[in-house]
Amino acid sequence: MQAAIGAGIDGIVAECGGQAMCATCHIYVESPWADKFPSISEEEDEMLDDTVSPRTEASRLSCQLVVSDDVDGLIVRLPEEQV
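Mapping the sequence shown onto the UniProt record's numbering, position 46 (from 1) lands on 46, and the numbers just tick up by one.
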């Protein structure tokens, strides 16, 4: 989330500043990238139920993903709406 905001990518609102409390940093992480991140926590799972755009198996909150060299080249999709 911080990298996307820092790069000026439109579509990441992040109203709560990365505290997993608003679901406005909802993204879609497709395979094979999804497997490179830890499983969804209970807190993230609950917030994903409140996203404006449809939740899918690829849904994640970008504030809960730590980017490392393991995901170099990561491609994510943004939902049409966040708020």
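Note that beta-carbon positions come from the ideal geometry of N, C-alpha and C, so glycine has one too.
This structure is a prediction, so every number in the text was calculated from the model and none was measured.
Q.
Taking 7 Å as the threshold (C-beta atoms), are Val13 and Val76 in contact?
A. Here residue 76 is taken as the residue at index 76 of the sequence shown, counted from 1. Here residue 13 is taken as the residue at index 13 of the sequence shown, counted from 1. Cβ distance not < 7 Å, so Val76 and Val13 don't count as in contact.
- Message: Let me check understanding here. Comparing Cα to Cα, which of Arg60, Cys25, Val71 and Glu44 lies closest to Ile9?
- Response: Your numbering for residue 9 matches position 9 in the sequence shown. Nearest option by C-alpha distance: Cys25.
key: Per-residue DSSP class, three states only, for Ile5   = Residue numbering aside, residue 5 sits at position 5 when the sequence shown is read from its first letter. Residue state, collapsed to three classes: helix.
(message) List, from N- to C-terminal side, the alpha helix (DSSP H) runs of 4 residues or more that fit wholly inside the UniProt domain "2Fe-2S ferredoxin-type" (1-82).
(response) 2-6 and 42-48
- Task: Within its chain, find whatever has a CB closer than 7 Å to the CB of residue 115; leave out the 5 residues flanking it on each side and keep chain order.
- Result: Residue numbering for the chain in the displayed model covers 1 to 83; residue 115 lies beyond these limits and cannot be assessed.
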